[in-house]
Amino acid sequence: MEPRLLDILACPICKGPLVQNREQRVLVCRADRLAFPIQDGIPVMLEEEAKLLAADDPLLER
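Heads up: the sequence shown begins at 139 in our numbering, then just goes up one per residue.
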C-alpha cells in the first residue's frame, strides 16, 4: 500500500492513526485494538469486518 495513502487513512471508529502490517495484510488501530483487513490492495475499513485484537497481541506492539 502506498505510504501516502496510509498517511491520510484513519480509524473509522476513533479517527486515530493506523499502522500497516504487511505480513498479515492488515491496518491496525492500536487505540481500539482493531485490525482492518487489506484485500487485493484495498483496505476494508468497516467495523464489522475488523478483527478485535487481544491486549497482548503482537500486532499492537510498537
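Beta carbons: idealized from backbone N, C-alpha and C, even for Gly. Quantities reported herein were computed from a predicted structural model and do not represent experimental measurements.
Where do the N-terminal and C-terminal ends of the alpha helix (DSSP H) with Ile-146 fall, by residue?
Translated into positions along the sequence shown, residue 146 becomes position 8. From DSSP, the alpha helix (DSSP H) with Ile-146 extends over 141–146.
Have a look at Ala-188, Asp-145 and Asp-194 and flag the residue whose alpha-carbon is nearest the alpha-carbon of Val-166.
Position 28 of the sequence shown, counted from the start, is the residue given in the question as residue 166. Of the listed residues, the one whose Cα sits closest to Val-166 is Ala-188.
Label Pro-141 either buried or exposed according to how many other C-beta atoms from any shown protein chain fall within 10 Å of its C-beta, with 16 as the threshold for buried.
Taking the sequence shown and counting its residues from 1, one reaches residue 141 at position 3. Classification of Pro-141: exposed, given that the 10 Å Cβ count is below 16.
Can you tell me which of the three DSSP states Leu-198 falls into?
For this step, residue 198 is matched to residue 60 along the sequence shown. Residue state, collapsed to three classes: helix.
Keeping to the same chain, check which residues put their C-beta closer than 7 Å to that of Pro-150; ignore five residues upstream and five downstream.
Numbered from its first residue, the sequence shown carries residue 150 at position 12. Hits under 7 Å: Met-183 and Glu-185.
Assuming contact is defined by CB atoms lying nearer than 8 Å, are Leu-190 and Arg-171 in contact in what I supplied?
Within the sequence shown, residue 190 is the residue found at index 52, counting from 1. Within the sequence shown, residue 171 is the residue found at index 33, counting from 1. Result yes, Cβ atoms of Leu-190 and Arg-171 sit closer than 8 Å.
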